[in-house]
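Colleague: Please read through the structure below; I'll follow up with questions.
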Amino acid sequence: MILVPVKNLRNAKQRLAAVLEQAARTELAHAMLTDVLDAIARHAGDQVALTTTDPFAMELAGRYGFEIIRDEANVSETDAIQMATRVCKARGIESTLVIPGDIPLIEAEDIRVIYDASPNAGSVLVPSKGKRGTNAVLRRPAALFPLRFGNNSFMPHLAAAIATDKSCVVLSLPGIALDIDTPEDLRELAEAPGNKRSQVLARKFGLGAAAANTKDDSSLVAKS
């Protein structure tokens with residue numbers, strides 16, 4: 148099963164507060180999540196569940212026909228995935244692939260590559276740019292080792308995977324490597340080739356060399 152943890156998006160992306168007001172950050176989070184779910188839907192190769200109670204995320208899941216595993220606590224991605232993993236294990240689900248909702252450049256092909264590379268028993272890790280964070284994790288069996296997400300999660304995840312004595316594959320996938328947390332990430336998104344919803348929005352906000360000339364007044368860029 149593909150699991151997408153989504154915290155409440157009303158307060159999304161606080162680290163972008165230097166360049167975007169909260170309304171714009173939430174709009175961006177909505178666009179990024181839609182880009183991610185578009186790619187997952189195009190892959191169409193596994194069950195999908197969003198772990199969330201966010202109203203927008205739940206509505207979007209319904210549009211795609213994806214399951215919702217309710218995360219009533221809404222504490223962190225780590226807690227949400229722990230809970231969802233227990234659900235998967237109880238159902239006898241063979242594997243879990245965790246994909247965050249803020250890697251908008253992901254494509255269906257990236258997901259196919261992860262599954263094609265996955266061992267019969269073991270894991271696949273896809274690090275973020277700079278190999279600090281972890282932007283996708285496949286585990287087979289579904290609860291092979293616990294996940295702990297954060298800015299420096301890749302090396303702990305790699306150590307945990309190796310400690311299982313099962314095969315661990317590390318993939319570098321540019322479409323998954325960029326997660327949007329900082330103004331620099333957002334500018335990179337705006338300047339990357341393509342016209343995904345989040346890219347068009349980032350350019351409309353006036354970010355990146357290819358930024359649009361016209362800005363939506365309802366999506367305010369913060370003071371310089």
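Heads up, the sequence shown is in our numbering, so the first residue is 148 and it goes up one at a time.
For glycine and all other residues, C-beta sits at the position ideal for the given N, C-alpha and C.
All of these numbers come straight from a predicted model, not from anything done at the bench.
In the DSSP assignment, find the unbroken alpha helix (DSSP H) run with Leu305 in it and report its ends.
Modeller: Phe301 to Ala310 is the extent of the alpha helix (DSSP H) around Leu305.
Colleague: Measuring straight from C-alpha to C-alpha, what distance separates Phe301 and Leu336?
Modeller: The straight-line gap from Cα to Cα measures roughly 22 angstroms.
Colleague: What separation, rounded to the nearest whole angstrom, lies between the Cα atoms of Thr198 and Ala208?
Modeller: Computed Cα separation, rounded: 10 angstroms.
Colleague: For a test of the three-state rule: what should DSSP assign to Ala196, helix, strand or coil?
Modeller: Strand, per DSSP.
Colleague: Count the other CB atoms within 10 Å of the CB of Ile309; is the residue buried (16 or more) or exposed (fewer)?
Modeller: When all chains shown are included, Ile309 counts as exposed.
Colleague: Opposite Glu214 in the DSSP bridges: which residues?
Modeller: Note: Glu214 sits in a beta bridge opposite Ala196.
Colleague: By how many angstroms is the C-alpha of Ile246 removed from the C-alpha of Leu320?
Modeller: Between Leu320 and Ile246, the C-alpha separation is close to 13 angstroms.
Colleague: By the 10 Å Cβ neighbour count, where 16 or more other Cβ atoms means buried, how is Gln194 classified, buried or exposed?
Modeller: So Gln194 counts as exposed.
Colleague: What first and last residue would you give for the alpha helix (DSSP H) that runs through Leu348?
Modeller: Arg344 to Lys351 is the span of the alpha helix (DSSP H), which, as asked, contains Leu348.
Colleague: Does the separation of the CB atoms of Ser223 and Pro266 fall below 7 angstroms?
Modeller: Contact: no.
Colleague: Please determine if the region 275-288 and the region 222-242 are in contact, where contact requires at least 3 C-beta pairs separated by less than 8 angstroms.
Modeller: Enough Cβ pairs lie closer than 8 angstroms, so yes.
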